[in-house]
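Taken in order, these protein sequences are the chains called A and B.
The first sequence stops at residue 149 when you use this note's numbering, and every number in between is there.
The second sequence stops at residue 1097 when you use this note's numbering, and every number in between is there.
Heads up, the beta-carbon is just placed ideally off N, CA and C, and yes, glycines get one too.
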Amino acid sequence: DTAVSQTPKYLVTQMGNDKSIKCEQNLGHDTMYWYKQDSKKFLKIMFSYNNKELIINETVPNRFSPKSPDKAHLNLHINSLELGDSAVYFCASSTSGTGGQPQHFGDGTRLSIL
Amino acid sequence: QQQVKQSPQSLIVQKGGISIINCAYENTAFDYFPWYQQFPGKGPALLIAIRPDVSEKKEGRFTISFNKSAKQFSLHIMDSQPGDSATYFCAAYTSGTYKYIFGTGTRLKVLA
């Protein structure tokens, strides 16, 4: 039973299109994240939600809009896709207990812009 | 100050050898230091983690050494196996920020 699941696994689309990536976790966690991993494998946080509230919004173009309908789901919508958006996007979740808590990652969505 | 510097970028080790990956940080507010292992086509998975009140933590063949005064921590993989071939990331976290800062990753290849 997958703990953090992302759909779709692969997304190939044209420049200028709008697309969404969905993420669901069944771990009962209250914090969810979106990360971008570029071709050099560098992992950079984009957004974080705690109990459906946006708590981290890094320097990300406003073409990217996260939405958390409930604690178990965090979706990412991207408008007007650009070539530079090609990357692997990872969703992760954790509890928000005192001190750091282990993050559980999905297997990623590989976005390719043609 | 928010960076975590990781080295080496890549590492080749013979089977049975010791793999050592190093990370350094500047922000003394970091209070949780996890290591993640990532296989191709998969998301990172937590391997082992340490808090700054402990100088060493061992889990099986994996050991974290933590040097608070030098602001450095390292991952040691003893008796490295071909199945350990993966990309390894160190990370650092400050309580209350919900933000993990990741190192740039180390690609480890263990030769059979």
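Those residues which DSSP pairs with residue i across a bridge
i: B:Y1085; result: B:Y1078
i: A:H139; result: A:S128
i: A:V39; result: A:Q60
i: B:T1048; result: B:K1043, B:H1061
i: A:K54; result: A:I113
Proximity to residue i [Cα-Cα], best of the options
i: A:H108; options: A:I91, A:H64, A:M50; result: A:H64
i: A:N110; options: A:L62, A:T37, A:T42; result: A:T42
i: B:C1008; options: B:L1096, B:A1097, B:L1093, B:G1088; result: B:G1088
i: A:L78; options: A:H112, A:L62, A:A122; result: A:A122
i: B:V1039; options: B:L1032, B:K1053, B:L1031, B:K1027; result: B:K1053
i: B:F1051; options: B:D1016, B:G1081, B:Q999; result: B:D1016
i: A:C58; options: A:N92, A:E93, A:Q49, A:W69; result: A:W69
i: A:K54; options: A:N114, A:S103, A:V95; result: A:N114
i: B:T1013; options: B:A1071, B:A1077, B:K1042, B:V1095; result: B:A1077
i: B:D1069; options: B:K990, B:T1079, B:A1030; result: B:A1030
i: B:T1072; options: B:L1032, B:Q988, B:A1097, B:Q1057; result: B:L1032
i: A:S138; options: B:A1034, B:G1045, B:A1055; result: Reading off the sequence shown, one finds Gln at residue 138 of chain A, where the question assumed Ser. It is B:A1034.
i: A:K106; options: A:T48, A:K75, A:Q60, A:V47; result: A:Q60
i: B:S995; options: B:T1048, B:S1004, B:Y1010; result: B:S1004
i: B:V989; options: B:Q999, B:F1018, B:T1082; result: B:F1018
i: A:T37; options: B:T1091, B:Y1083, B:G1028; result: B:G1028
i: B:I1062; options: B:G1081, B:S1080, B:K1042; result: B:K1042
Residue range of the unbroken beta strand (DSSP E) whose run includes residue i
i: A:P101; result: 99–105
i: A:H112; result: 108–113
i: B:F1058; result: 1057–1062
i: B:G1091; result: Per the sequence shown, the amino acid found at residue 1091 of chain B is Thr instead of Gly. Taken as a continuous stretch (DSSP letters only), the beta strand (DSSP E) holding B:T1091 covers 1091–1096.
i: A:R145; result: 144–148
i: B:V1039; result: Taken as a continuous stretch (DSSP letters only), B:V1039 belongs to no beta strand (DSSP E), as it is neither H nor E.
i: A:V47; result: 45–48
i: B:Q1066; result: Per DSSP, B:Q1066 belongs to no beta strand (DSSP E) and is neither H nor E.
i: A:I94; result: Looking at the sequence provided, one finds Thr at residue 94 of chain A rather than Ile. Where A:T94 is concerned, there is no enclosing beta strand (DSSP E), given that its DSSP letter is neither H nor E.
i: A:F82; result: 78–85
Sequence-distant residues of the same chain with beta carbon closer than 8 Å to residue i, five excluded per side
i: A:M50; result: L116, E117, L118, I148, L149
i: B:K1056; result: A1009, Y1010, E1011, T1013
Neighbourhood of residue i by C-beta distance below 7 Å, restricted to the same chain and skipping five residues each side
i: A:K71; result: K79, M81, A122, Y124
i: A:D120; result: I113, L146, I148
Residues near residue i in its chain [Cβ-Cβ closer than 6 Å; skip 5 each side]
i: A:T130; result: H64, Q136
i: B:G1002; result: S1065
i: A:T66; result: N85, S129, S131
i: B:K1094; result: I997, S1070
i: B:Y1085; result: A1076, Y1078
Query raised in the report: Touch check for the region 85–93 of chain A and the region 136–148 of chain A: three-plus C-beta pairs under 8 Å?
Result: Judged by pairs of C-beta atoms under 8 Å, the region 85–93 of chain A does not touch the region 136–148 of chain A, as fewer than three such pairs exist.
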